[in-house]
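Only one structure is covered here, and it is reproduced in the block below.
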Amino acid sequence: MIRYDALDALPVRSALPGLHDALEGHGTAVLEAPPGTGKTTLVPLALAGLLGEGPARRVVVAEPRRIAARAAARRMAWLLGEKPGESIGHTVRGERVVGRHTRVEVVTTGVLLQRLQRDQELAGVDVVVLDECHERHLDADTAAAFLWDVRETLRPELRLVAASATTDAQGWARLLGGAPVVEAPGVSHPVEVVWAPPARAVRPPHGMRVDPALLAHVASLVRRALAERDGDVLCFLPGVGEIARVAAQLGAPGDVEVLQVHGRAPAAVQDAVLSPGARRRVVLATAVAESSLTVPGVRVVVDAGLAREPRVDHTRGLSALTTVRASQAAARQRAGRAGREAPGAVYRCWAEAEDARLPRFPSPEIKVADLTAFALQAACWGDPEASGLALLDPPPAGAMAAARDALTAMGAVDPAGRATERGLRLARLGLHPRLGRALLDTGGAGAEAVALLSEEAPREYGDDLAAALRAARRGGDGYADRWRREVRRLRAVAGEVVDRSGGVSDPRAGDTACGRAEGAADGHAGSPGHARARDAADGHDGEAAGSRAGSVGRGRAAEVAQGGAGAFAGGRSGQAGLGGDVPGGEERLAGLVAALAFPERVAKLDGGSYVMASGTRAELPEGSPLRGAPWLAVAVADRPVGKGHARVQLAAVIDEDTARAAAAPLYRETEEVHWADGDVVARRVERLGAIECAARTLRDADPGLVREALVTGLRQEGFGMLRWSPDAEVLRQRLAFLRLHLGEPWPDVSDAALHARVDEWLEPELSRARRRSDLARIDAGEALGRLLPWASGDAARLDELAPERITVPSGSRIRIDYRDPERPVLAVKLQEMFGLHESPALAGIPVLVHLLSPAGRPAAVTADLASFWRDGYKAVRAELRGRYPKHPWPEDPATAEPTRRTNAALRR
């Protein structure tokens, strides 16, 4: 019996005529309806004609989360007075409740993507509602693009509705071909906003880290809300870890039940939250409670103001979720939870002045996430570049290139980006392509490890993947139960891929095979290597992972293994398989799965840390049982705050053969000639990416590579490695002087300039050299001579413009010191300069004369001899005459005879 009283109370009812008109006239619509208006429950019932109005239609509603899909289906069934599986059904990962007469089916966006890839026409479906499209999850954006493509090319009668409370309505309207925007009135219950920032500044979030001071403040706000307000309290936190910490600080607050709600929470807890409680409740939740469902009894929301978004570090080959400030749209959604049933209040953990500075909407996942699964989806859809897809935001070129590289390495796409047969088979599995590769190439035997990598395991399972598998097998907790169900599903879908080369039956028939495929195939558009971070944030299920088609064949890793790893053996239907009786047991199998899924993260021990094939260094935590293993396959890693190295969170021990087989596309054998440790090093090196596996000395290295290495050595260690005679050093100084004061055609002989012209002045000696000792035999002076301006004839004037020596009045030839190119120095005994009225000049530049005492010590320094004889000589004469009486000290040095001799010698 239909509960009309409850349906009539939903405000969205007034928008139904406008929605019907929009769909009849345009075929698409954007529905803006605030939280609590009934858009998720009443609208599908009305569109399906289940309320006695309009024609009977089959409606598919896509939700971003499993908990929301299940809750929406149950609510609609209750409104109709039915049980789930009759007129209303749902399909989520591991659960399919659909009957022959089902008219409204609520699915996750991942399930919808699977159906689109299997049956592009969506035969039998009349209307698709994309709910909560404001969240901009990758699956939802992709589904919308595919649906628009279907409507434009195959089924113009297919009706599409994009629904949300806080979406970019005009953007979605443009995307859906100028769709009309239909607005529904909001809930009349007011929500009071209480601005409650921490009394003291807290550190902003970084990575997955949240300042404990903020969490303590959140706990205090919950206690305050309990004291000041009536009703249940719903508290939004970014992840499972923060929920656990706030719950611990709350303890047992009187006669209040504390519930922790996230995607990994047991179904019983999720169901309990969606039903009225016997006691007052505090619900600590991630973004799963942000939209699409009503938590009855909630009158107060406490919003920590944080959210989790994916980020990819392509340079390190790592992706993870990071903590960010929640958007204004998310804050409005959260606040709306308090006014669903009655007036309420929201306590916001930030100042009112900060609110305007928050981003308007969440970052579109397509802009920040790993796009490997999306790229496979697009390739299987026939648009490898995704250039023809109707997307609100185009995928970043760098992320798409990285995704194509990963898919190419596993043989999922060809060089042009088109899906291969292997890619179609991988997509058929409904896993992220990385995990799908591991499942296929182990013949389904790796299902246990794949299941463990698909969802974050409890921390107490540790960082050893093999040990975590043993813990899951013997575990009796909720996680172990989910893991066992997931293993069964993966084995079923893997077997189905092997046994059924064609597609899977139409999902409308509710056939068992399809149910297994869809139930097992809610993959994830992000990176599976970050299951821990993803599940900890639990912002959404994001369950799609590519298209479904094709049959199973031999995996690329198996093809290159050639039996060498001893890991790829057997299999059926030509598939590279791994039988259950594998030498080495579960450790070997766990390592193989991790290596196949993440070949760029196979890692070799190097000193106290590991170097991964990607080039990133990784460290194991203290006390890890994996320490000391020569090789690891790293499944989950992150980069701690302030650290340059990654931190291993989950890995398995492997041997080198397994690493080489799994990461075969990264294998390179190259001749490496470079400068290291002060000399040329020439080796033939085998590498897996950045990992050096083996090396041997190269006797016949390419002369060009040797020359480049020598040039590198000269650049690093300087031209001092050449043989510099005193004359060669002086020549360089003389040329630097002429370059500074005369410029061209005199050469620049600075280090930078000499490196730039190394081909001109160091050949052919450099080409004949093979090692450092050969450089030491090169005469630098002779080589520099090649840079002199011979062509112009100016080289002949070198001794004229910058002579090594000049003749002073006494007849002595004195060497010029050019070490300071600004002003050369002439150091000469004072008596040898008698009678010279002007300082000598070179290239028009007066030299700096150091007048020496008879003992060779500087007595005076001048660049103007005439001035010195007139003004300075008397003081010098008075000081030195008595000390050196044997040397001449005439009263008028300007007219005196220059001499190198003493008075006695002069008299003779």
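Residues are numbered in this note's numbering as their position in the sequence shown, beginning at 1, plus a constant of 339. We treat Cβ as the ideally placed atom computed from N, Cα and C, and that holds for glycine. Everything numeric in this text was worked out from a predicted model, so none of it was measured.
For A280, which of S953, G1183 and R1216 has the nearest alpha-carbon? What is shown of the chain runs 340 to 1247, which leaves residue 280 out entirely.
Answer yes or no: do L791 and A806 have a C-beta to C-beta separation smaller than 8 Å? no
Closest to G947 by CA distance: which of P969, A535, A1000 and R673 is it? P969
Thinking C-beta only, is V789 closer than 8 Å to V932? Yes, these two residues count as a Cβ contact at 8 Å.
Own chain, CB closer than 8 Å to L1081, minus 5 neighbours either side, in chain order: Contacts found: L1140 and A1182.
Go ahead and pull the three-state DSSP assignment for W1014. strand
Determine the DSSP secondary structure at S503, reduced to helix, strand or coil. strand
Name the one or two DSSP bridge partners that V941 has. A972
Could you check where the beta strand (DSSP E) with D470 kicks off and where it finishes? V466 to D470
Taking the continuous alpha helix (DSSP H) assigned at T747, which residues delimit it? A736 to A748
The alpha helix (DSSP H) that contains G756, what's its start and end? Looking at the DSSP string, G756 is not in any alpha helix (DSSP H), and its letter there is neither H nor E.
Give me, in chain order, the residues of the same chain whose beta-carbon lies closer than 6 Å to that of M340; leave out the 5 immediate sequence neighbours on both sides. G420
In whole angstroms, what is the alpha-carbon distance linking V1024 and D550? 47 Å
Is the beta carbon of V399 closer than 8 Å to that of E444? yes
Under the rule that 16 or more other beta-carbon atoms within 10 Å means buried, what is D344, buried or exposed? exposed
Alpha carbon to alpha carbon, what distance is there between A583 and T625? T625 and A583 have their alpha carbons spaced roughly 11 Å apart.
Which of the three DSSP states is assigned to A564 in this structure? helix
Considering only DSSP beta bridges, list what W534 is partnered with. R687
Expected contact under 8 Å - CB spacing of V973 and F937 to nearest Å: 6 Å
To the nearest angstrom, how far is it from the Cα of Q1055 to the Cα of E1083? 28 Å
Residue burial classification, G1221 (beta-carbon count within 10 angstroms, cutoff 16): exposed
Grab the span of the alpha helix (DSSP H) containing P1042 for me, first residue to last. P1042 to E1056
CA nearest to the CA of R638, picked from L598, D571 and R620: D571
For R828 and W534, the rounded distance between their alpha carbons: 47 Å
Restricting to Cα atoms, I'd like to know which of L730, S1089, V752 and E1171 is closest to P703. L730
Following the continuous alpha helix (DSSP H) through S1112, name the residue where it begins and the one where it ends. R1111 to L1114
Which of the three DSSP states, helix, strand or coil, is assigned to L455? helix
So, helix, strand or coil for R1078, using DSSP? The answer is helix: DSSP assigns R1078 an H, G or I state.
Rounded C-beta distance between R405 and T379? I'm assuming under 8 Å. The pair is not a contact, with the Cβ atoms about 14 Å apart (cut-off 8 Å).
Which of the three DSSP states is assigned to E799 in this structure? helix
Can you tell me the Cα-Cα spacing of S866 and V826, whole angstroms? With a pLDDT of only 46 at S866, under the threshold of 50, the placement of this residue in the model should not be trusted; the figure read from the coordinates follows. Distance between the alpha carbons of S866 and V826 is about 19 Å.
Based on the DSSP output, what are the partners of C574 in its beta bridges? As DSSP reads the structure, C574 sits in a beta bridge with L623 and V641.
Does the segment 679 to 688 touch the segment 638 to 647, meaning 3 or more C-beta pairs lie closer than 8 Å? Judged by Cβ distances under 8 Å, the segment 638 to 647 makes contact with the segment 679 to 688, as three or more pairs qualify.
I want to see whether chain D comes within less than 8 Å of G785, judged by CB atoms only; does it? The structure shown has no chain D; it contains just one protein chain.
Going by the beta-carbon positions, is the gap between L1219 and V1188 smaller than 8 Å? no
R1196 to D1156, Cα distance in whole Å? 16 Å
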